[in-house]
Each structure stands twice: as C-alpha cells, then as structure tokens.
Amino acid sequence: MATPVTVEPAPASPHRFGRITLDMRQNLPPWKQAVFLGGSLAIGLVISIVILAFAGISPGELAGELAGVANADSLRNTLVQAAPLILVGLGASLAFRIGFWNLGIEGQMMFGGIFATAVSIAEIGPPSLRLLFMGIAAALGGMFWVLVVLLLKTRFRVNEIIATLLLNYVAMYFLFHLLYGAWQDARSAFPQSTPYKPFERLNDIGFNVNAGLLVAIAGVLVAGWFIHMSRAGFYMRFISSNPGMAKVVGVPIQTVTFWIVAASGACCGLAGYVNVASQEGRLTQSFADGYVFSGVLIAFLARNDPIVVAVVGFLISVLFITGQQLQVFYQIPFTMVQMIEAIIVIAVASSEFFIRHRVRWIR
Amino acid sequence: MNDFFINWLASAPVTAVPYALAALGLILSERSGVLNLTAEGLMLVGALAGAGAVLSLHVHPALALIIAMAAASLVSLLFAGLVVVLRVNQVIAGLAVVFFCQGLTGLIGTVAGWQNKQIDSLPSLNIWPLSEIPVIGRIFFMQDPIVYLTIAIFFGVNYVLFRTMLGLRIRSVGENPAAADAAGVSVSLHRIIAIVAGSCLIGLAGGYISVVSVKLWVTGMTGGRGWIAVALVVFARWAPWPALWGALLFGCIEAVIPRIAAAGIAVPQYLMLMTPYLATIAVMVWVGYRQSAVTREPGALGQPHVREERR
C-alpha cells in the first residue's frame, strides 16, 4: 500500500503584503511633469503656511502681506531687492554648471562690499567714475575670495563645499574686524561704516527701477550670451555633459573652469556691491545675510539658465520683502525665509523622483 | 603660565565633545554610502530641543539631552526619506535640510522665547581621589559626565560598526550596494538605520553645546561646527578613532581663544575667532597634500541605489 503523499505547505512568501518596485520612466509628457511639479510645490507651500500659522501668522494676514507687495512702494523695494538675488543666482548657476559647488556666496558678497567700500574710503578715482571703480573692485573682491577655493581644490583636492562654507565665516569675522574697528563710523554707535557720498550710491532711475537692477539685467544678458552663444559657453556645456570626452578632444578644461569660477565670484561680489550701494548706502554687518541658500535655490529652480534666473530671482525677492515685513510687524525672525526656501527646494527635488520613476505596488 | 596651560587643556574636552560626537554620527551614516551634510542643521535642532526641554518642561539636563537626540533623529527621517526613498541628490538634500533647520530653529527659538535664557546644567564630576592629582587631576578627572560618556560611545560605535553583523551590513551597503542587495541585504533599511542612529549622536552633540557647554540658546549658535565636523570626517578617513583625535585637536584650538583673551594678551578679537575655520582648511590642505591614490572613502558614497536602474 502506497504511503499517502503529503504535500508540504508552500513557504510563506517573504512579500506577504506585496512589494514596491520602481519603473524607470523614459519620457513623461510635459503637462504631467508640470502636474507633479505643481503638486509638490503646493504641498510645500501648504506646509510653510501651516508652520507660519503655528508661529502666529494666520493665512489671512499672510495673504494681506503678500498683496501689499503689489503697491508702488513695495514694488520698488521688491525690484531693488531682486538685483542682488538675481546676481547671486547667476553666480550660483555659472559655478553649478561646471560642477563647482560655490556655497561661499555670502563671503564673496562681503568681500565685494569690503572692496567697494575700500575704494570709497580711499577716494580712488574722480567722482564721476567712482561708482564704476567701486563695481570693478567689488567684482575683483568676489573673484579673489572664490579663486582661493579653486586653488585649494585644484592643488590640494580640498572639497569646495566645505571650504566655501567655512570661508563665509572667515569673511564674516573679517567684516566684523573692520566694522568694529578701523572702519566704524565715529558718529554711530552701530558697527557700520561712514555713509557713502551721494555720487557713490546707486540711485533710482525712474519707473520704480534702481540702477542696481540694471547691473543685474546686464549680468543676465552677458551670462545668457556667454552660456548659449560664446565658444567658452559651448566648452562649458561640453565639460559638464561629458568631462572625459572634453579632455580627450582637447577642450582647455582648466582655463574654462578658472574663468567660469572667477565669473561666479564676480557675480557674487557685484551682488554685495549692489546691496551696499543701493539699499544700505554704507557697509553694514548683516548686508549679506541669507543669500547662500537663496543663490542655490534660484539656480536650482532656474536649472542654471540665466534668463530664468531673472524671473525666479524676482519671485524670491517677493519672498524676501514679505519676510522683512513679517520681521518688522510680527517679530518673525528673518531666518523664516530660509526655511521656506528649503521647503521649496525639498518639494521640487522630491517631484523629480516621481517624474523619473513610476512606483508600483505588486501583490 | 602653568595655570594657563592647565585651564586650557582642562577646557579642551568640553569644546571637543561636539566635534567628536558629530563627526562620529556622520561617519556612521557615510559608511552606509550616504553623503551627509546635515550636521550643522541637526546640531541646531538638538541644541534647540535640549534648551527648550530644560526651559519649558523643566526636565533634568540628562533627559533634555535624550530629547535633543530624539528631535535630531526625527528631523533626520526627513533627510533619510529624501535621499534613501526619493533618491534626491544628496548634496542638494543635505543643504536643504541644513537651511530648513536653521530657519526652523531660529523661528521656534524666537517665538517660544528661549533666546538667551540661562540653563541649569549638569555638574562636573569630581572623581576623588584622582582629581586631587596635580595637573592631571584637573584635566582628566574633573569633567562633566558626557565627556566620559563620549569615550564609551566611541567604543560602542566602533564595536557595532566593525564587530557585528549589523555593522558589516551597513558597511557593505556603503561600499557596494548592488552586491549587498544581491546578497539579500536591504540597502534602504540599513541606510535609514545608519542615518537615524548617526543623527542621534549629532543631536547629542548639539544638545551638549546648548545644555552643558554654553548653557543657553542663541539663534545659529553652532556657528559652523557642523561643517567643521564634515571636514573632520574626511580628515579621519571615515574611521572613528582618528575622528576623536581630530576632535581633540579642534577642541584645543577652539578652547585657546577665550583663554588668550582672559590672559590679557592683546590680539584682534575677530581675527582670533577665524582660527577654527582656517585651521579646518589647513587640515584639509594637509590631507590633500599627504593623500596618495589610497582613500578610505566608502565606495558608493553619494550614490543613490535603485535596484531597477541599469548601470
């Protein structure tokens, strides 16, 4: 008599609840990409509004502040504020395009401001050319502070992320050293330099537009021409898309890298100059606060494209002005702006995952 | 002059502990292949949570430090979700988390009114009779409990990372995630474990600054120590013990600044405050100068792992 065959029970599947797999998406139609991007931005903004509500600003009050930006006076402030933001956005996008993480934006702005103020204090050049000289000095100051890092990176393989961030603190203490010491305005109890003379300031040129914005727009046009039309811009795109190939066919990688990083520093130096010469009218201790991540954010949202940088820079300027008003009227610290910027970056970066992958749950 | 050196060396461990704990936390997470730049932000979260727990909940400082660890690891879940689950660029995600934390802690600290309020803290231990030994007693046997705990933590993390199965899996995920995945090791799970556990230590580093060392909360009080810890990890070549020696070096550098001012030596104050940052850059130059082709960098550092992606 044959023994009954016992059927062993199937082993329990390790994936009792199914499992999650990722499919690579080849190309998602643009409108779907826009839906994912818009959806995650909306989630990010809702989170920001909720956090602000906990901090004591009801959504209604927030809407009131945002609507207030549209009036003529605030529009002028927004346009003035847009200039340094566009310039740091340009500086960040130029450097990011060749894979150089320039996070020393604040330090370069400070050195821009310091060099410009040095020209003002030493009274270099005739009054009619003083502004120009200050601008050139500021660009050189920013360049100097970033090229130190490029030298460290190429010679000693020092990571530029950490080096640029640390040099922000060094620049800040150097600024304090000047403002609490030799350069302090004798008539003021605050750490700030003597005010610039009238011909050393960037003034309004009508239609709520400040001369600083012209500097920024000129920067956008030059950078746009440079990236999209010049030979060096072509080299730059070549290097960023395939560095190995670029090297093999003889693209002068080091020269191109040098000048682009220098241009990035110059943009940030100019941002510092525009800020001290238009808004502040003198060197102050906090004129560069909050620009590092603003530069990263603007470059990231604009995909390193100069023309888009101008648009995004203006939008972030609205955020800055709103933040300043909340600081004055509701005692909300200005770092709140950084938090919202970070939430925006997190939201947009997360949306890219859903644009590139399809998540499937297999039971 | 003797007093100067004894006071200096006796205060060095207090300034070294945040560097040591933060660097150890970063090593833990980077060994799993996640490039972690979040230390500056998570230290702020730990510092704020610790200070807030003492000021508002009136808890014992030791409990406040545990709350600091819990808060930092909670926020690190955001980072883990971004880089492990959503495969966001690890530099972008790290920076975003740092600036998010800077903004959030500034906001909460001001709104809750915790700025510049004195904190009752842990008393220093006095290991009698060892503390009576001249010179050595002051330096080695009259520190606060966390200094001694830090050394124990280093032994513990070293043991887990190099002597246990969990540590082997974490390191394998950092060296070659595809091979680890094929061997049945969950890459995502081990990376999340490493990030959260490391962030606990970073939170403790931050809580230590506000609750034990400075004894108050000020917006942005970590002042770049998190970035110095990131540099320290490169200097230590992703190994725990060198990170401890490096942290002691930076502790000595930072501790000498107030001592020189107290000794009445006239040096420009703000130029002195630059020294930790310049010393960090100098150390990184030295690492780059000395380093040959051999680095101990984890093989998959900074690379997200997607099983379905063809390489």
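From first to last, the protein sequence lines stand for chains A and B.
When the letters of the first sequence are read in order and numbered with the numbering used here, they come out as residues 75 to 437.
When the letters of the second sequence are read in order and numbered with the numbering used here, they come out as residues 27 to 337.
Ideal Cβ placement from N, Cα and C applies to all residues, glycine included.
Quick caveat, the model's predicted, so the values are computed rather than measured.
1) List, in order along the chain, the chain A residues whose C-beta lies closer than 8 Å to that of Trp-253 of chain B?
2) Rounded to a whole number of angstroms, what is the C-alpha to C-alpha distance between Val-392 of chain A and Trp-175 of chain A?
3) Quick check: is any heavy atom of the ligand SAM less than 7 Å from the C-beta of Val-348 of chain A?
4) When you compare only the Cα positions, how much space is there between Ala-376 of chain A and Val-386 of chain A?
5) Under 9 Å Cβ-Cβ, which residues of chain A neighbour Glu-334 of chain B?
6) Compute the distance between the beta-carbons of Trp-264 of chain B and Glu-323 of chain B, then report whether it is under 8 Å.
7) Helix or strand or just coil, what does DSSP make of Met-168 of chain B?
8) Less than 8 Å between the C-beta atoms of Ile-417 of chain A and Ile-121 of chain A, yes or no?
9) State yes or no: is the beta carbon of Ala-423 of chain A nearer than 8 Å to at least one beta carbon in chain B?
10) Can the beta-carbon of Ala-340 of chain A be found less than 8 Å from the beta-carbon of Gly-216 of chain A?
11) Identify the continuous alpha helix (DSSP H) that holds Leu-126 of chain A and give its terminal residues.
12) Cβ atoms of Asn-28 of chain B and Arg-285 of chain B: under 8 Å apart, would you say?
13) What separation, rounded to the nearest whole angstrom, lies between the Cα atoms of Gly-192 of chain B and Gln-329 of chain B?
14) So which residues on chain B does Asn-233 of chain A lean against when the C-beta distance must stay under 8 Å?
15) I'd like to know whether the C-beta of Pro-268 of chain B is nearer than 8 Å to at least one C-beta of chain A.
16) Pull up the distance between the alpha-carbon of Lys-452 of chain A and that of Gly-129 of chain B, whole angstroms please.
17) Roughly how many angstroms separate the alpha carbons of Ser-157 of chain B and Phe-30 of chain B, rounded to a whole number?
18) If you drop the 5 nearest sequence neighbours on each side, which residues of the same chain put their C-beta closer than 8 Å to that of Val-173 of chain B?
19) Using CA atoms only, rank isn't needed, just tell me which of B:Gly-314, B:Gln-169, B:Ser-82 and B:Arg-189 is closest to Gln-144 of chain B.
20) What ranges does the alpha helix (DSSP H) occupy inside the region 43-121 of chain B, keeping only unbroken runs of at least 4 residues that lie completely in it?
21) Between the C-alpha atoms of Val-325 of chain A and Ile-172 of chain A, what's the straight-line distance to the nearest angstrom?
22) Given that Gln-128 of chain B touches chain A, what residues does it touch there, using C-beta distances under 7 Å?
23) At a Cβ threshold of 8 Å, is Val-293 of chain B touching chain A?
24) Is the beta carbon of Thr-248 of chain B less than 8 Å from the beta carbon of Gln-141 of chain B?
25) Got a sec: which bits of the region 147-180 of chain A sit with their beta carbon under 8 Å from any beta carbon on chain B, in order along the chain?
26) At the level of alpha carbons, what is the spacing between Thr-136 of chain B and Ile-414 of chain A?
27) Starting from Asp-146 of chain B and walking both ways along the alpha helix (DSSP H), at which residues does that stretch end?
28) Taking 8 Å as the threshold (C-beta atoms), are Gly-293 of chain A and Gly-186 of chain A in contact?
29) Pick helix, strand or coil for Leu-224 of chain A, following the three-state DSSP scheme.
30) What separation, rounded to the nearest whole angstrom, lies between the Cα atoms of Gly-130 of chain A and Gly-67 of chain B?
31) In its own chain, which residues sit with a C-beta less than 7 Å from the C-beta of Ser-99 of chain B, not counting the 5 before and 5 after it?
32) With a threshold of 8 Å between beta-carbons, can Gly-72 of chain B be considered close to chain A, or not?
33) In angstroms, rounded to a whole number, what distance separates the CA positions of His-251 of chain A and Gln-295 of chain B?
34) When the distance is taken between beta carbons, is Gly-78 of chain B closer than 8 Å to Leu-91 of chain B?
35) With a threshold of 8 Å on Cβ separation, who are the neighbours of Arg-195 of chain B within its own chain once the five nearest residues in sequence on each side are excluded?
36) Can you tell me which of B:Val-332, B:Ile-93, B:Val-313 and B:Phe-125 puts its alpha carbon nearest to the alpha carbon of Ser-236 of chain B?
Let me spell this out:
1) Translated into positions along the second sequence, residue 253 of chain B becomes position 227. Within 8 Å Cβ-Cβ: Ile-236, Leu-239 and Leu-240.
2) Taking the first sequence and counting its residues from 1, one reaches residue 392 of chain A at position 318. Taking the first sequence and counting its residues from 1, one reaches residue 175 of chain A at position 101. When rounded, the distance between both Cα atoms is 26 Å.
3) This structure does not include the ligand SAM; it has no bound ligands of any sort.
4) Here residue 376 of chain A corresponds to residue number 302 of the first sequence, with the count starting at 1. Here residue 386 of chain A corresponds to residue number 312 of the first sequence, with the count starting at 1. Going by the C-alpha atoms only, they are around 7 Å apart.
5) Residue mapping note: residue 334 of chain B aligns to position 308 of the second sequence, counting from 1. Within chain A, the residues near Glu-334 of chain B are Thr-95, Leu-96, Asp-97, Met-98 and His-431.
6) In the second sequence, the residue the question calls residue 264 of chain B occupies position 238. In the second sequence, the residue the question calls residue 323 of chain B occupies position 297. Yes; because the gap between Cβ atoms is below 8 Å, this pair is in contact.
7) In the second sequence, residue 168 of chain B corresponds to position 142, counting from 1. In this structure, Met-168 of chain B counts as coil in the three-state DSSP scheme.
8) Taking the first residue of the first sequence as position 1, residue 417 of chain A is located at position 343. Taking the first residue of the first sequence as position 1, residue 121 of chain A is located at position 47. In contact: Ile-417 of chain A and Ile-121 of chain A (Cβ atoms closer than 8 Å).
9) By 1-based counting over the first sequence, the position of residue 423 of chain A is 349. Interface residue, yes.
10) The residue you call residue 340 of chain A lines up with position 266 of the first sequence. The residue you call residue 216 of chain A lines up with position 142 of the first sequence. In this structure, Gly-216 of chain A lies closer than 8 Å to Ala-340 of chain A by Cβ.
11) As a position in the first sequence, residue 126 of chain A is number 52, starting the count at 1. It spans 104-128 - the alpha helix (DSSP H) in which Leu-126 of chain A sits, taken as one unbroken run.
12) Looking up residue 285 of chain B in the second sequence gives position 259. Looking up residue 28 of chain B in the second sequence gives position 2. Not a contact, by the Cβ cut-off of 8 Å.
13) Against the second sequence, residue 192 of chain B aligns to sequence position 166. Against the second sequence, residue 329 of chain B aligns to sequence position 303. The residue asked about is misnamed: residue 192 of chain B is Leu in this sequence, not Gly. Answer to the nearest angstrom: the Cα atoms are 21 Å apart.
14) Along the first sequence, read from residue 1 onward, the residue named residue 233 of chain A stands at position 159. Neighbours of Asn-233 of chain A on chain B, chain order: Ala-257, Val-260 and Met-310.
15) Numbered from its first residue, the second sequence carries residue 268 of chain B at position 242. Taking Cβ atoms only, chain A never reaches closer than 8 Å to Pro-268 of chain B, which makes this a no.
16) Any property of residue 452 of chain A remains undetermined from this structure, which presents chain A solely from 75 to 437.
17) The sequence position of residue 157 of chain B within the second sequence is 131, counting from 1. The sequence position of residue 30 of chain B within the second sequence is 4, counting from 1. When rounded, the distance between both Cα atoms is 18 Å.
18) Within the second sequence, numbered from 1, the residue matching residue 173 of chain B stands at position 147. So the list reads Pro-39, Val-40 and Val-43, once near-sequence residues are dropped.
19) On the second sequence, residue 144 of chain B is found 118 positions in, with the first residue counted as 1. Ranking B:Gly-314, B:Gln-169, B:Ser-82 and B:Arg-189 by Cα distance to Gln-144 of chain B puts B:Ser-82 first.
20) 65-78 and 87-106
21) The residue given as residue 325 of chain A occupies position 251 in the first sequence. The residue given as residue 172 of chain A occupies position 98 in the first sequence. So the alpha carbons of these two residues sit roughly 13 Å apart.
22) Within the second sequence, numbered from 1, the residue matching residue 128 of chain B stands at position 102. Chain A residues near Gln-128 of chain B: Thr-409 and Gln-412.
23) The count along the second sequence starts at 1 and reaches residue 293 of chain B at position 267. No - not a single Cβ of chain A is within 8 Å of the one on Val-293 of chain B.
24) For the purposes of this step, residue 248 of chain B is identified with residue 222 of the second sequence, where counting begins at 1. For the purposes of this step, residue 141 of chain B is identified with residue 115 of the second sequence, where counting begins at 1. The answer is no: Cβ separation not under 8 Å.
25) Answer set for the region 147-180 of chain A: Trp-175 and Leu-177.
26) Position 110 of the second sequence, counting from 1, holds the residue named residue 136 of chain B. Position 340 of the first sequence, counting from 1, holds the residue named residue 414 of chain A. Thr-136 of chain B and Ile-414 of chain A: Cα-Cα distance of roughly 17 Å.
27) By 1-based counting over the second sequence, the position of residue 146 of chain B is 120. Asp-146 of chain B -> no alpha helix (DSSP H), and no H or E assigned at all.
28) Residue 186 of chain A sits at position 112 when you count from the first residue of the first sequence. Residue 293 of chain A sits at position 219 when you count from the first residue of the first sequence. Cβ distance not < 8 Å, so Gly-186 of chain A and Gly-293 of chain A don't count as in contact.
29) For the purposes of this step, residue 224 of chain A is taken as the residue at position 150 of the first sequence. Helix, per DSSP.
30) Walking along the first sequence from the start, residue 130 of chain A turns up at place 56. Walking along the second sequence from the start, residue 67 of chain B turns up at place 41. So the alpha carbons of these two residues sit roughly 23 Å apart.
31) Taking the first residue of the second sequence as position 1, residue 99 of chain B is located at position 73. Correct list, in chain order: Val-222, Ser-225, Cys-226 and Gly-229.
32) Along the second sequence, read from residue 1 onward, the residue named residue 72 of chain B stands at position 46. With 8 Å as the cut-off, Gly-72 of chain B does not count as an interface residue toward chain A.
33) For the purposes of this step, residue 251 of chain A is taken as the residue at position 177 of the first sequence. For the purposes of this step, residue 295 of chain B is taken as the residue at position 269 of the second sequence. If you take the alpha carbons of His-251 of chain A and Gln-295 of chain B, they lie about 8 Å apart.
34) Numbered from 1 along the second sequence, position 65 holds the residue referred to as residue 91 of chain B. Numbered from 1 along the second sequence, position 52 holds the residue referred to as residue 78 of chain B. No, the Cβ-Cβ distance between Leu-91 of chain B and Gly-78 of chain B is not below 8 Å.
35) By one-based count along the second sequence, residue 195 of chain B stands at place 169. Cβ neighbours of Arg-195 of chain B beyond the five flanking positions: Ala-206, Val-211 and His-216.
36) Counting from 1 along the second sequence, the entry for residue 236 of chain B is found at position 210. Of the candidates B:Val-332, B:Ile-93, B:Val-313 and B:Phe-125, the one whose C-alpha sits nearest the C-alpha of Ser-236 of chain B is B:Ile-93.
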